[in-house]
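One structure is given here, and the rest of the page talks about it.
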Amino acid sequence: MRNYLKILHDRGDIQLVRRRVDPCFELSAVIEKVQQNGAQPLLFTDVAGTDMPVVSNIYASNDRLCEMIGAARGEFCRRWDELLGAVDASAPYVERAAVPTPRVPIAFDALPRITWRGKDDGPYITAGVFYAKDPETGVGNLSFCRASMRADGTLLCCIDPPHDLARYQALAEARGEPLDVAILIGPAPEIFLAACASIPYEQDELSVAAAIRGAPVPMRPASTLPFDLPDETEVVIEGRIRPHERKLEGPFGEYMGYYGPLNTNGYVFDVTAVTAREGAVFHGLLCGGAEDLCALDVAFATRTYSHIARKVSGVIDVTCNPMFFCSVVKIDKSYEAQPREVIQAVFDANPNYNFACIVVDKDVDIHDLQAVLKAFLTRGRVDRRVTVVDDVRGWDDSADPIYAGRVGIDATMTWGREENFDPASTPWPEIQLDEYLDPPTARAPRPSNAPAARNSIS
0 MRNYLKILHD RGDIQLVRRR VDPCFELSAV IEKVQQNGAQ PLLFTDVAGT DMPVVSNIYA
60 SNDRLCEMIG AARGEFCRRW DELLGAVDAS APYVERAAVP TPRVPIAFDA LPRITWRGKD
120 DGPYITAGVF YAKDPETGVG NLSFCRASMR ADGTLLCCID PPHDLARYQA LAEARGEPLD
180 VAILIGPAPE IFLAACASIP YEQDELSVAA AIRGAPVPMR PASTLPFDLP DETEVVIEGR
240 IRPHERKLEG PFGEYMGYYG PLNTNGYVFD VTAVTAREGA VFHGLLCGGA EDLCALDVAF
300 ATRTYSHIAR KVSGVIDVTC NPMFFCSVVK IDKSYEAQPR EVIQAVFDAN PNYNFACIVV
360 DKDVDIHDLQ AVLKAFLTRG RVDRRVTVVD DVRGWDDSAD PIYAGRVGID ATMTWGREEN
420 FDPASTPWPE IQLDEYLDPP TARAPRPSNA PAARNSIS
């Protein structure tokens, strides 16, 4: 992450927050405010209670994600599919770093303790990439889990049952053993993105990271664990998950923007070591915000793309951001039934999470909800281009599920009437406004009798 932060800084793409901020709500509120108007990365240089700067919004832009994997703008899914297809698990994908990055041990209490939402059960680590190994085969796994930072120095981790990490823990627990785990905070971008990958159980996500990197991932020995860890990581928390012990975890503001139910299955993580690079930067992610949704987009839209591109011709790109549970698909339309075939393929691709699908033409920006809705409302009859599928279950397996059913929307041009939708445009090279507009005038001084600005985010 350090190298990418330097790139962002050198080209002026990162916003510094030098004012001291409270890690309890204020830091989160600043991130939320910035995300309302854009996706600029933020570096908080003065966070109360810690000497460590905090960065956020690194992965909050599809353009930056494309840059990280060498994809052309608007072709993230296609490039990602190519990278996964090029992974050679038999080739070396890790290597010992020739000169390991200097690290220092730090106290667990020295880490930023960020409380994100009003009802959260205290501070949480939200951008930690968990790395563990299958107790039987030794195959590694990268995944995301939230971790509640407890007053006694332990962590309570929310590990979803479908995750490979949960399977590893169950295997260790069956032996009556703890599971060795490292939490990587601020790894290189290829590590973070590889943790989003959907790959076979027997494959290590580090092989995906190596494919993105174009070279084996440099590793270094852990301090207290029996395996190597990615060298270029800002902060590493090493520890072990206790067998046969669970505690109540939560509440926590989740990715849908709501507080999820209390987790009765919180895994207890005993910290054995915390190390950091010199001048380490802590990565914090606002769950439900733009950065979170971009990471989910990598996880789910790419899986959907991989499935439907093999089923239907003309698929260009897919996103589930910023409407999670809704896949927006861009196609090069060549026959009338094509959008309906895409919709069906999307529902088959990931039935637990694809509740809605909108298909648009190749000239529509799938990341612009206004453009997507405009295409639906202006390119054909709205009453004949919506498909509703009743009573199809998703991940909600309760007796009376809230999340069920499917909606498919064809927002492409009416077949045979394409001449009606020739977009109006101005034939002129891209305008650079600073070549036309006068510089803004200096802000007038505040009258002496005017009320002072409140110390808040407005």
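Numbering of the sequence shown is given in numbering that gives the first Met the number 0, commencing with residue 0 and proceeding in unit increments. All C-beta atoms, glycine included, are put in the ideal place defined by N, C-alpha and C.
Among the options, which one has its Cα closest to the Cα of residue i?
| i | options | result |
| --- | --- | --- |
| arginine 102 | Asp163, Pro229 and Tyr167 | Pro229 |
| glycine 407 | Ile357, Ala374 and Glu290 | Ile357 |
| glutamate 417 | Gly404, Thr386 and Thr377 | Thr377 |
| serine 326 | Asn353, Glu253, Arg405 and Trp79 | Asn353 |
| proline 260 | Val270, Leu247, Thr271 and Arg166 | Leu247 |
| aspartate 227 | Val207, Pro99, Leu83 and Asn264 | Pro99 |
| arginine 19 | Asp389, Thr49, Cys65 and Met0 | Thr49 |
| alanine 146 | Asp133, Lys132 and Val128 | Val128 |
| proline 476 | Ile236, Val363 and Ala355 | The shown model of the chain, from 0 to 457, leaves out residue 476, and the question about it has no answer. |
| tyrosine 3 | Ala298, Ser206, Phe191 and Val385 | Phe191 |
| glycine 149 | Glu434, Asp119 and Ser89 | According to the sequence shown, residue 149 is arginine rather than glycine. Arginine 149 has its Cα closest to that of Asp119, out of Glu434, Asp119 and Ser89. |
| alanine 109 | Glu429, Ala272 and Leu178 | Ala272 |
| tyrosine 254 | Ser222, Asp291, Leu224 and Arg241 | Asp291 |
| isoleucine 240 | Arg116, Gly37, Leu178 and Ala370 | Leu178 |
| alanine 47 | Thr114, Val341, Asp433 and Asn351 | Thr114 |
| arginine 1 | Ala289, Pro188 and Thr413 | Pro188 |
| aspartate 12 | Ser60, Asp45, Gln35 and Ala28 | Ser60 |
| arginine 405 | Val391, Trp414, Thr413 and Trp427 | Val391 |
| asparagine 264 | Thr413, Glu340 and Ala165 | Ala165 |
| leucine 41 | Val280, Phe375, Cys157 and Asn262 | Val280 |
| valine 93 | Ile401, Pro242 and Gly139 | Gly139 |
| glycine 37 | Glu66, Ala90 and Ala289 | Ala289 |
| glutamate 231 | Ala208, Gly249, Leu224 and Pro242 | Ala208 |
| glycine 185 | Arg384, Glu74 and Phe143 | Phe143 |
| alanine 221 | Trp427, Val317 and Tyr130 | Tyr130 |
| valine 363 | Tyr402, Cys76, Ser55 and Met412 | Met412 |
| glutamine 202 | Ala88, Ala423, Tyr402 and Ala355 | Ala88 |
Rounded C-beta distance between residue i and residue j? I'm assuming under 8 Å.
| i | j | result |
| --- | --- | --- |
| alanine 251 | leucine 295 | Reading off the sequence, residue 251 comes out as phenylalanine, not alanine. Rounded, the Cβ-Cβ distance is 16 Å, inconsistent with contact. |
| glutamate 204 | leucine 141 | 4 Å |
| alanine 275 | isoleucine 105 | 5 Å |
| lysine 329 | isoleucine 315 | 4 Å |
| alanine 126 | leucine 26 | With a Cβ gap of about 13 Å, alanine 126 and leucine 26 do not count as contacting. |
| arginine 78 | alanine 70 | 3 Å |
| leucine 368 | alanine 196 | Between alanine 196 and leucine 368 the Cβ distance is about 26 Å, and since that is not below 8 Å, they are no contact. |
Could you tell me the alpha carbon to alpha carbon distance between residue i and residue j, rounded to whole angstroms?
| i | j | result |
| --- | --- | --- |
| proline 22 | phenylalanine 107 | 16 Å |
| arginine 10 | glutamine 39 | 12 Å |
| aspartate 421 | lysine 361 | 13 Å |
| isoleucine 68 | tyrosine 123 | 29 Å |
| isoleucine 30 | glycine 152 | 27 Å |
| glutamate 161 | threonine 425 | First, the amino acid is wrong: residue 161 is proline here, not glutamate. Roughly 51 Å between the two C-alpha positions. |
| leucine 372 | alanine 410 | 8 Å |
| proline 52 | glutamate 233 | 11 Å |
| glutamate 277 | tyrosine 167 | 32 Å |
| alanine 443 | valine 345 | With a pLDDT of 49 at alanine 443, under the threshold of 50, the modelled position of this residue cannot be trusted; read the value that follows with caution. If I take the Cα positions, the gap works out to 55 Å. |
| threonine 301 | cysteine 286 | 20 Å |
| isoleucine 211 | alanine 298 | 15 Å |
| phenylalanine 24 | valine 33 | 14 Å |
| leucine 15 | histidine 282 | 14 Å |
| alanine 85 | serine 206 | 10 Å |
| glycine 121 | valine 267 | 16 Å |
| proline 134 | glycine 175 | 12 Å |
| aspartate 433 | alanine 194 | 41 Å |
| histidine 306 | alanine 348 | 6 Å |
| threonine 462 | proline 338 | In the structure as shown, the chain begins at 0 and stops at 457. Residue 462 is therefore absent and cannot be evaluated. |
| tyrosine 304 | proline 438 | 45 Å |
| arginine 17 | alanine 181 | 31 Å |
| asparagine 351 | glutamine 343 | 14 Å |
| aspartate 269 | arginine 72 | 43 Å |
| glycine 116 | leucine 155 | It should be noted that the sequence gives arginine, not glycine, for residue 116. Going by the C-alpha atoms only, they are around 17 Å apart. |
| leucine 7 | threonine 44 | 16 Å |
| glutamine 336 | valine 381 | As written in the sequence, residue 336 is alanine, which differs from the glutamine given in the question. Their backbone Cα atoms lie some 16 Å apart in a straight line. |
| arginine 219 | alanine 96 | 6 Å |
| cysteine 293 | tyrosine 435 | 35 Å |
| isoleucine 456 | alanine 28 | Any reading at isoleucine 456 is ruled out, since the residue's pLDDT is 48, under 50, leaving its predicted position unreliable. |
| proline 450 | proline 428 | Annotation note: pLDDT 49 at proline 450 (below 50); position unreliable, no value reported. |
| lysine 5 | cysteine 65 | 18 Å |
| arginine 245 | proline 225 | 24 Å |
So is residue i in contact with chain B if we call contact Cβ pairs under 8 Å?
| i | result |
| --- | --- |
| alanine 106 | Judged by its chain identifiers, the structure shown contains no chain B, having just a single protein chain. |
Decide if the region 210-219 is in contact with the region 161-173; the criterion is three or more beta carbon pairs, one per stretch, under 8 Å apart. no
Secondary structure, beta strand (DSSP E): runs of 3+ residues fully inside the region 181-244: Segments of the beta strand (DSSP E) lying fully in the region 181-244: 216-220 and 227-229.
Of all the alpha helix (DSSP H) runs that stay within the bounds of the region 294-368, which reach a length of 4 or more residues? Within the region 294-368, the runs of alpha helix (DSSP H) that reach at least 4 residues and sit entirely inside it are, in chain order, 337-348.
Mind pulling the alpha helix (DSSP H) runs of 4 or more residues that sit fully within the region 375-425? If we require 4 residues or more, the region 375-425 turns out to have no alpha helix (DSSP H) run fully inside it.
Continuous alpha helix (DSSP H) assignments of at least 4 residues falling wholly in the region 58-128: 61-68 and 75-85
Report the start-end ranges of each alpha helix (DSSP H) in the region 9-56 that is 4 residues or longer and not cut off at the edges. Residue ranges of uninterrupted alpha helix (DSSP H) with 4 or more members, entirely inside the region 9-56 and ordered along the chain, are 25-34.
Segments assigned alpha helix (DSSP H), at least 4 residues, entirely inside the region 131-178: 163-173
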